[in-house]
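Novice: Below: one structure in structure tokens.
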Amino acid sequence: NAGVTQTPKFQVLKTGQSMTLQCAQDMNHNSMYWYRQDPGMGLRLIYYSASEGTTDKGEVPNGYNVSRLNKREFSLRLESAAPSQTSVYFCASSEKVTGGYSPLHFGNGTRLTVT
Amino acid sequence: QKEVEQNSGPLSVPEGAIASLNCTYSDRVSQSFFWYRQYSGKSPELIMSIYSNGDKEDGRFTAQLNKASQYVSLLIRDSQPSDSATYLCAVRGDDYKLSFGAGTTVTVRA
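So the protein lines, in turn, are chains A and B. Per the working numbering, residue 37 is the first one in the first sequence, and the count goes up by one each step. Per the working numbering, residue -7 is the first one in the second sequence, and the count goes up by one each step.
What follows is the structure, encoded as structure tokens:
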């Protein structure tokens, strides 16, 4: 019962480096999300994908790109990392159910530090 | 963008007491409401969902929703040290996106 799996768990980057955060879910959910969490600011939506083949910007998309590779996988890419992107990143998924959408199921998070 | 506000913490309660957490939201079309618990260094986990006005009880947790006042609350009865965590209020409108409050940190004193 893996649920939502994120890799890596920890990452340290230097300013200007690039990297891709990986996320995969095995619950056959259509919708997937990337959030970042900073102290005192709660979870803020970066990008989301309502279904395979579609992606949309969330609240804080600048500096990020995403790819919905297939129904299972949704990756987040930082092309040129900045110290302001130091954060904890959570991937999540949900499914449309009768009357709305299911609650989000979260991965374990990626702790990213940009120096 | 749906704004979600939670009462600022931290909230410290003695073991066995009731912890009361409040959340207000700005979007009147909001339809689904959730409370997540997040232990330090861990991911959020769902503890309650509520969709209709009134109270919903699940064990020691009670969620209360008042759509007219745009208010949702969470009561934790008989608080235990294991309840020490940050509690996140989340609100969903008529789409699939969830907006979160900043969270309230609860500490239960033994």
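Just so it is clear, CB atoms sit at the ideal spot from N, CA and C, and this is done for glycine as well.
Which whole-angstrom value is the C-beta distance of SER120 of chain A and SER111 of chain A, which I expect to be below 8 Å?
Specialist: Rounded, the Cβ-Cβ distance is 21 Å, inconsistent with contact.
Novice: Taking only the alpha-carbon atoms, compute the straight-line gap between ASN45 of chain B and THR122 of chain A and give it to the nearest angstrom.
Specialist: Distance between the alpha carbons of ASN45 of chain B and THR122 of chain A is about 39 Å.
Novice: If you measure beta-carbon to beta-carbon, which residues of the stretch 26 to 47 of chain B are closer than 9 Å to chain A?
Specialist: Residues passing the 9 Å Cβ filter: PHE26, TYR28, GLN30, GLY33, LYS34, SER35, PRO36, GLU37, LEU38, SER41, TYR43.
Novice: Using a C-beta to C-beta distance shorter than 8 Å, which residues of chain A count as neighbours of PHE53 of chain B?
Specialist: In chain order: nothing, as chain A lies at least about 15 Å away.
Novice: Have a look at B:TYR31, B:ILE42, B:SER74, B:SER32 and flag the residue whose alpha-carbon is nearest the alpha-carbon of CYS15 of chain B.
Specialist: It is B:ILE42.
Novice: Excluding the 5 residues flanking SER87 of chain A on each side, which residues of the same chain have their C-beta closer than 6 Å to its C-beta?
Specialist: ASN66, listed in sequence order.
Novice: Can you list, in chain order, the residues of its chain whose CB lies under 7 Å from that of VAL48 of chain A, leaving out five sequence neighbours each side?
Specialist: Excluding residues within five positions, the ones whose Cβ falls inside 7 Å are THR149, THR151.
Novice: Can you tell me whether SER4 of chain B is helix, strand or coil according to DSSP?
Specialist: Note: SER4 of chain B maps to strand in three-state DSSP.
Novice: In chain B, what lies closer than 8 Å to ASN106 of chain A by C-beta?
Specialist: The premise fails here: ASN106 of chain A is roughly 19 Å from chain B at the closest Cβ pair, so nothing lies under 8 Å.
Novice: Using 8 Å as the threshold, is the C-beta distance between GLY99 of chain A and MET63 of chain A below it?
Specialist: No, these two residues do not count as a Cβ contact at 8 Å.
Novice: Apart from the five residues just before and just after PRO139 of chain A, which ones in its own chain have a Cβ nearer than 8 Å to its Cβ?
Specialist: So the qualifying residues of the chain are SER130.
Novice: Are the stretch 57 to 74 of chain B and the stretch 12 to 31 of chain B touching, with three or more C-beta to C-beta distances below 8 Å?
Specialist: The stretch 57 to 74 of chain B vs the stretch 12 to 31 of chain B: in contact.
Novice: Any idea what DSSP makes of GLN121 of chain A, helix, strand or coil?
Specialist: If DSSP states are grouped into helix, strand and coil, GLN121 of chain A belongs with the helices.
Novice: For a test of the three-state rule: what should DSSP assign to SER74 of chain B, helix, strand or coil?
Specialist: SER74 of chain B falls in the helix class under three-state DSSP.
Novice: In whole angstroms, what is the alpha-carbon distance linking SER53 of chain A and ARG147 of chain A?
Specialist: The amino acid at residue 53 of chain A is misidentified as Ser; the sequence shows Gln. Looking at the two C-alpha atoms, the distance is approximately 16 Å.
Novice: Could you tell me whether the Cβ atoms of LEU80 of chain B and TYR28 of chain B are closer together than 8 Å?
Specialist: Yes, Cβ-Cβ distance for LEU80 of chain B and TYR28 of chain B is below 8 Å.
Novice: Figure out for me which residue from B:PRO2, B:GLU(-5), B:SER71, B:GLY1 has the closest Cα to the Cα of VAL21 of chain B.
Specialist: Checked all of B:PRO2, B:GLU(-5), B:SER71, B:GLY1; the closest Cα to VAL21 of chain B is B:GLU(-5).
Novice: When you compare only the Cα positions, how much space is there between PHE102 of chain B and SER76 of chain B?
Specialist: Note that residue 102 of chain B is Ala in the sequence shown, not Phe. Distance between the alpha carbons of ALA102 of chain B and SER76 of chain B: 11 Å.
Novice: Please specify which runs of the beta strand (DSSP E), each continuous and at least 3 residues long, are wholly inside the stretch 18 to 47 of chain B, giving them in chain order.
Specialist: Fully enclosed beta strand (DSSP E) runs of 3 or longer: 24 to 30, 37 to 42.
Novice: Can you tell me where the beta strand (DSSP E) holding ASN64 of chain A begins and where it ends?
Specialist: Where ASN64 of chain A is concerned, there is no enclosing beta strand (DSSP E), given that its DSSP letter is neither H nor E.
Novice: Could you list which residues in chain A have their beta carbon closer than 7 Å to that of ALA94 of chain B, in chain order?
Specialist: Correct list: GLY76, MET77, GLY78.
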